[in-house]
Amino acid sequence: MKEKITSFEDFAQRLKEESMQIEPWKGIVVQQKKSCFIKIKIAPSLVMLFTFLFVTSTVVAAFSLTNLQFFGKDEQPMLNMYEMTEEEAKPHFDYDEFMGKHRGLLKRLREDLANDQYLAFLDVEAYEALGESALTYTQRPKKFEDFSQIPADFSPPFLLKEKLLGEIQFEELTYMYNYETRVDNLAQSMYQEALRLNVPYITTEHKLNTTKIDYISLMYGGFDFEYGFQITIQPVSDTLHTTENLSHYTKVVHEGEEFYYSESDQTLLYVHQTQTEQYLLEIRQTIVMADAKDKIPLEKLLAIAEELIP
Amino acid sequence: MYSKMMMYRGEAQEVDVREQLLEQYYMEIFRYCYGILRNRQDAEDATQEVFLKALESPQLAEIDHKSAWLYKIAYRHCINRAKRNKLLQFIPFIESAKEDTTSIEEDFELQTILQQLKVEERALIVLRIVEDKSFDEIAIILSITAATARKRYERLKGKVQKIIKRGAFE
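Going down the list, the sequences are from chains A and B.
With this note's numbering applied, the first sequence covers 1 to 310.
With this note's numbering applied, the second sequence covers 1001 to 1170.
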């Protein structure tokens, strides 16, 4: 059992100790004859980093540090984005820690799921500590790397283009269906069943609502281009809580439309309303420039937004 | 396409330069990538991609400071890799590296602190603490000034201390 980390010095020491244990499995790989390096395996691993965790809510936080307010053309408020206080964010970090140990397992379980199924996963210990919010829903994201393979009936709430600004090539589309068919009191019944079976976690499978998409991610560009972009779209209600630091976003009004722009993250946020839904659109530059000072101009992000918004 | 210098040196010497580069820096770069990505498989893949890129570079033989150059490539590569895989999720859990760290003694406390730092911040922490780089060297790798590197590191120390104090991993 390791000692608890109580200071930055402890942290630095533990980091050093850990680094001394790390060795690559594959070792150094060189093909001598042709004097070229062989890339053995580039596994498409889905690393989920939750530095930008959104939690939808209709309850307005009383002590939020920062918020972004989006207004429509008619001056009506569309969306309030709140940065969580440390206190509010803590349960989410606690939850992350509980679920961290199941990462590999969840990945394997997702791979076995049918396209129209989702998995409900409950860790007994997490439920006892966090209650209902310990219940995890997961599904196998639908992924397309060839633009021509995107199903004809896929109809996103924006213009789907093979090239952005006429030059930046489509790389990947990922989307996930809605979990609308959630079961009432599921966490509690799963918990009881897990206790009865005396297991540390329990799963159940359910039908996704495949008529509704909850999350879309588009990748454009990459190393062969000057820029790379990830565009994400998700339906939102009138309030979002986030663990992200919102203080570096500034409001930009472009041709009557309101955007929020973060120069440090090279990210543009926009709320798009259709007749039935509203969506949060995030356009992010993903390629780090050789010269870190060489940021993508805001105008380019706005031009992309213009291309996407119908 | 190789530079004139490479063509003049010929194939045999070109092999030497490449092998030397691999032998000398592979472990360092792997450790660096692991520190940023916090996942062994991703670090393996990233390191191989970094060296693939470096060894295919026409400027390879002409680079004087190969170490800084490799760190620079690795930095860009890992940040891009992490950012490109970043997904806005409705399923709020962090995929920690348990499955991928079978031979590394698990340190959930350390992992939890590092997961709360941005990838760029982890890169700086690893350069300073694990690789023991000076702020001048860090400045070259991260394309910033030494003063900025120092300032960012001090700020990061404060952030880590705050995370420890908050005890999110308790």
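Glycine residues also receive a C-beta, built at the ideal position from the N, C-alpha and C atoms.
For Lys163(A), no chain B residue has a C-beta closer than 9 Å to its own C-beta; the minimum C-beta separation is roughly 18 Å.
DSSP places Gly228(A) in the strand class (E or B) of the three-state scheme.
In the same chain as Glu172(A), and ignoring 5 residues on each side of it, the C-beta atoms closer than 6 Å to its own belong to Glu145 and Met219, in chain order.
With respect to Gln1111(B), Arg1038(B) sits close: the two C-beta atoms are nearer than 9 Å. When secondary structure is reduced to three states using DSSP, Gly221(A) falls in the strand class.
At a cut-off of 9 Å between beta-carbon atoms, Ala12(A) makes contact with chain B.
Using a CB distance cut-off of 9 Å, Leu281(A) does not count as an interface residue toward chain B. Within the DSSP secondary-structure output, Ser262(A) pairs in a beta bridge with Tyr249(A) and Thr267(A). Taking all protein chains shown into account, His241(A) has 16 or more neighbouring C-beta atoms within 10 Å of its C-beta and is therefore buried. Between the alpha carbons of Leu15(A) and Arg108(A) lies a distance of about 29 Å. Ranked by Cα distance from Gln230(A), the first of Thr1047(B), Asn1080(B) and Gln1048(B) is Asn1080(B).
Counting C-beta pairs with one atom in each stretch, the segment 183–202 of chain A and the segment 139–157 of chain A have fewer than three that are closer than 8 Å, which means they do not touch. For Ile5(A), the nearest beta carbon of chain B is closer than 9 Å to its own beta carbon. Burial check for Thr210(A): the Cβ neighbour count within 10 Å stays below 16, so the residue is exposed. Among the residues facing chain B, Gly131(A) is not included, as its CB has no counterpart in that chain under 9 Å away. Contact annotation: Asn67(A) and Met78(A) have beta-carbon atoms that are not nearer than 9 Å. Near chain B, meaning a CB-to-CB distance below 8 Å, no residue of the segment 243–272 of chain A qualifies. Gln278(A) sits in a strand when the DSSP states are folded into three classes. Taking the C-beta atoms as reference points, Ile1141(B) is found no nearer than 9 Å to Tyr1153(B).
Measuring C-alpha to C-alpha distances from Thr267(A) to each of Leu280(A), Leu122(A), Pro310(A) and Thr274(A) identifies Leu280(A) as the nearest.
In the DSSP assignment, Ile168(A) falls outside any alpha helix (DSSP H) and lies within the beta strand (DSSP E) extending over Ile168 to Asn178. Where Pro91(A) is concerned, there is no enclosing beta strand (DSSP E), although the alpha helix (DSSP H) around it starts and stops at Glu86 to Gly100. Straight across, the Cα-Cα distance linking Gly104(A) with Arg110(A) is about 10 Å.
Residues of chain A whose Cβ lies closer than 9 Å to the Cβ of Thr1112(B) are, in chain order, Phe93, Asp96, Glu97 and Gly100. Among the residues facing chain A, Tyr1071(B) is not included, as its CB has no counterpart in that chain under 9 Å away. Counting C-beta pairs with one atom in each stretch, the segment 300–308 of chain A and the segment 94–104 of chain A have fewer than three that are closer than 8 Å, which means they do not touch. The beta carbons of Val1119(B) and His1077(B) sit no closer together than 9 Å.
Contact check for Ile216(A) against Pro156(A) passes: the beta carbons are separated by less than 9 Å.
In the structure shown, the three-state DSSP call for Leu119(A) is strand. Considering only Leu195(A), Glu128(A) and Glu205(A), the residue with the shortest C-alpha distance to Tyr118(A) is Glu205(A). Non-local C-beta neighbours of Asp265(A) in its own chain, meaning closer than 8 Å and more than five positions away in sequence, comprise His248 and Arg284, ordered along the chain.
Between Glu277(A) and Arg1166(B), the gap from beta carbon to beta carbon reaches 9 Å or more. Residues Pro157 of the same chain have their beta carbon placed closer than 8 Å to that of Thr274(A), with the five preceding and five following residues left out of the count.
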